[in-house]
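What follows is a set of notes on a single structure, which appears directly below.
Numbering (this note's numbering), first residue to last: 897 to 1199.
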């Protein structure tokens, strides 16, 4: 893991100390943000002065005026299935809920994380997000998009080289035979069904490496912390099913039960090097509330 975690905190209110305009006051308070980003904040109805929303960058500010930024989770125009952890001129990091597509598919183009973020950004500088990786529709957790061509190119290369920290939490049926382990196998996507299968080394498969640690064992389920060394499509789901402990709720890969009404897989942590600044960034999404009760509390198969 990266040693220096990026701090994710809500921006507090601040009081103007001198006479100026609103944009200059914001620039003074947030020197690391570009004026383009600050104008976006204004246009996205994130800024209030003395309790009243304000979009005019030239609004006069006098000493004692109280300026506040809305919480990102309260941003207008975003779906309740999506919340922002971090945003700058190059990247935007969000938490995606289970059930929401990351990007458009042949059957759905509007209700996706990509579409919601493009609508959100359209209210500001008019930029669009660039896809650099995805989460399955039914997997929740941290998802990263690029906002600039530079970030897109650098991050795509970073993901291709697997130079990313990715930690998941999975609740599986049964559990692995050891408390810690590594699964190495070859995965191949079937063109007709789009189903990912574990195959032999010579069967046109791609090497997939997954590390796991048992967090808790129960009578019927186990909770695992899962670290990806590679990032193949459906890697965790296919490998765990092949090993005999499929992710709960994953009927597609052979699970026999659905205790949480969703796929029991959550992308908890995402770490990467910022494509422009070189700073190590690490973001974490809390465990979904629907993953309660924990595995040990299940004494019988849920109906």
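The beta carbon of each residue, even a glycine, is placed where N, CA and C say it ideally should be.
For residue i, the three-state DSSP class (helix, strand or coil)
{"i": "residue 1078", "result": "strand"}
{"i": "residue 1086", "result": "coil"}
{"i": "residue 1112", "result": "strand"}
{"i": "residue 930", "result": "coil"}
{"i": "residue 1122", "result": "strand"}
{"i": "residue 1138", "result": "helix"}
{"i": "residue 937", "result": "helix"}
{"i": "residue 983", "result": "strand"}
{"i": "residue 1185", "result": "helix"}
{"i": "residue 1147", "result": "helix"}
{"i": "residue 1164", "result": "strand"}
{"i": "residue 1158", "result": "coil"}
{"i": "residue 1133", "result": "helix"}
{"i": "residue 1193", "result": "helix"}
{"i": "residue 1026", "result": "strand"}
{"i": "residue 1042", "result": "strand"}
Inter-residue Cα distance where the pair is residue i and residue j
{"i": "residue 1161", "j": "residue 1036", "result": "7 Å"}
{"i": "residue 1102", "j": "residue 995", "result": "27 Å"}
{"i": "residue 1039", "j": "residue 1097", "result": "30 Å"}
{"i": "residue 954", "j": "residue 965", "result": "17 Å"}
{"i": "residue 1129", "j": "residue 941", "result": "38 Å"}
{"i": "residue 1034", "j": "residue 1062", "result": "17 Å"}
{"i": "residue 929", "j": "residue 1186", "result": "36 Å"}
{"i": "residue 982", "j": "residue 1047", "result": "15 Å"}
{"i": "residue 1028", "j": "residue 1169", "result": "14 Å"}
{"i": "residue 1143", "j": "residue 1076", "result": "17 Å"}
{"i": "residue 1133", "j": "residue 1146", "result": "8 Å"}
{"i": "residue 1080", "j": "residue 1148", "result": "21 Å"}
{"i": "residue 916", "j": "residue 984", "result": "24 Å"}
{"i": "residue 979", "j": "residue 1166", "result": "15 Å"}
{"i": "residue 1066", "j": "residue 1122", "result": "7 Å"}
{"i": "residue 1124", "j": "residue 1183", "result": "18 Å"}
Contact set for residue i: own chain, Cβ-Cβ below 8 Å, skip 5 residues either direction
{"i": "residue 1025", "result": "988, 1010, 1013, 1014, 1017, 1041, 1042, 1043"}
{"i": "residue 919", "result": "931, 934, 935, 938, 953, 954"}
{"i": "residue 1190", "result": "1112, 1114, 1119"}
{"i": "residue 951", "result": "938, 939, 941, 943"}
Cβ-based neighbour list, residue i, same chain, cut-off 7 Å, excluding 5 preceding and 5 following
{"i": "residue 1031", "result": "992, 998, 1037, 1039, 1163"}
{"i": "residue 913", "result": "959"}
{"i": "residue 921", "result": "912, 957, 963"}
Terminal residues of the beta strand (DSSP E) in which residue i lies
{"i": "residue 988", "result": "987–992"}
{"i": "residue 1018", "result": "Segment 1009–1018 is the alpha helix (DSSP H) holding residue 1018; no beta strand (DSSP E) there."}
{"i": "residue 962", "result": "962–965"}
{"i": "residue 1178", "result": "1176–1180"}
{"i": "residue 1095", "result": "1092–1095"}
{"i": "residue 944", "result": "943–945"}
Proximal residues to residue i (C-beta, below 6 Å), its chain only, five neighbours per side dropped
{"i": "residue 1095", "result": "1082, 1084, 1101"}
{"i": "residue 1050", "result": "1171"}
{"i": "residue 1139", "result": "none"}
Boundaries (first-last residue) of the alpha helix (DSSP H) holding residue i
{"i": "residue 1035", "result": "Per DSSP, residue 1035 belongs to no alpha helix (DSSP H) and is neither H nor E."}
{"i": "residue 1056", "result": "1045–1056"}
{"i": "residue 1066", "result": "Unbroken run through residue 1066 is the beta strand (DSSP E), 1061–1069; no alpha helix (DSSP H)."}
{"i": "residue 924", "result": "918–925"}
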